[in-house]
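The block underneath contains the structure these notes are about, expressed in structure tokens.
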Amino acid sequence: MKNGMKKGEKILFGFIGFLVVVTVINFTVLESIRRHSARPMFPILTHFEFTQEGKQGYEIYQHSECYTCHRAVGSGTSMGVSLDGLGSKHDVNYFYNFLKTPEAVYGAKTMDHGAPPKDAAYVSALPDSDLRAMAVFLSELKADQGSSSSFEPPQGDSSFIDSMVDMWTPDGWRTQFKDIRDWMKSKEEQHEGKH
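So that you can map any letter, position 80 of the sequence shown is 77 in this note's numbering, and since no number is skipped, the others follow by simple counting.
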């Protein structure tokens, strides 16, 4: 009696193996194109212009190896929150207070920032001048309109956003809440009417 795989099992495993090979090849080709391309594959919707204190904060960020968990200035990891664009959401004081007492500002337990034995507990123990410089650095990481880090949605109509709203928004919400894009258009029209 043979204990080999049945025909259906062979086909299934063969198909799965084929998909894995195609996925690896596609990833390799796409990564090669991305690395050798003169232009980014996707639009970059975050930017920064550092003041002297912001540059000092970036150096502290680098020296403290915050990039092992966070992504900023286009590099680092995505284990923690991406910091690019957060300066469009919060000001220097918010960042300073968060770095000093993260859970009090955040209003809930945090994964790594806070009291020891958390991995990033050392951040709140940094000197105030370093925390202030890092807060300035974070506040200077800005996002353009339409970025996931921006409060403002993309300009114009977006078929993607429209389809997501149609698909996922409960009917009751459509009558209760106004689409922020409509509100922004009315504000623009009011502004243009005054000038």
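For glycine and all other residues, C-beta sits at the position ideal for the given N, C-alpha and C.
From a predicted model like this one, the values you see are computed outputs, not experimental measurements.
query	result
So what's His33 in DSSP terms, helix, strand or just coil?	helix
Looking at the secondary structure, which residues open and close the beta strand (DSSP E) in which His60 lies?	Unbroken run through His60 is the alpha helix (DSSP H), Gln49 to His60; no beta strand (DSSP E).
Hey, would you say Gly73 sits closer than 8 Å to Asp109, going by beta carbons?	no
Whether or not the region 159 to 167 and the region 94 to 111 are in contact is what I'm after, with contact meaning three or more pairs of Cβ atoms, one per stretch, closer than 8 Å; do they touch?	no
Quick check on Phe39: does DSSP put it in helix, strand or coil?	coil
Quick one: what's got a C-beta closer than 7 Å to Ile177's C-beta in the same chain, skipping five residues either side?	Pro150
Count Cβ pairs between the region 78 to 88 and the region 125 to 145 that sit closer than 8 Å; are there 3 or more?	yes
Along the chain, where does the beta strand (DSSP E) containing Ala130 start, and where does it finish?	Run containing Ala130: none in the beta strand (DSSP E); it sits in the alpha helix (DSSP H), Asp125 to Ser136.
Beta carbon of Lys97, beta carbon of Leu128: below 8 Å?	yes
For the alpha helix (DSSP H) that Gly169 lies in, which residues bound it at each end?	Asp168 to Gln173
Would you check if there are 3 or more beta carbon pairs closer than 8 Å linking the region 47 to 57 to the region 109 to 118?	no
If I measure Cβ to Cβ from Met181 and keep anything under 8 Å in the same chain, skipping five residues before and after, which residues do I get?	Glu149 and Pro150
Pull up the distance between the alpha-carbon of Val89 and that of Ile41, whole angstroms please.	23 Å
Does DSSP put Lys139 in a helix, in a strand, or in coil?	strand
Thinking just about the alpha-carbon of each residue, which of Tyr91, Glu46 and Val70 is nearest to the one in Asp81?	Val70
Could you give the distance in angstroms between the alpha-carbon of Gln59 and the alpha-carbon of Arg31?	25 Å
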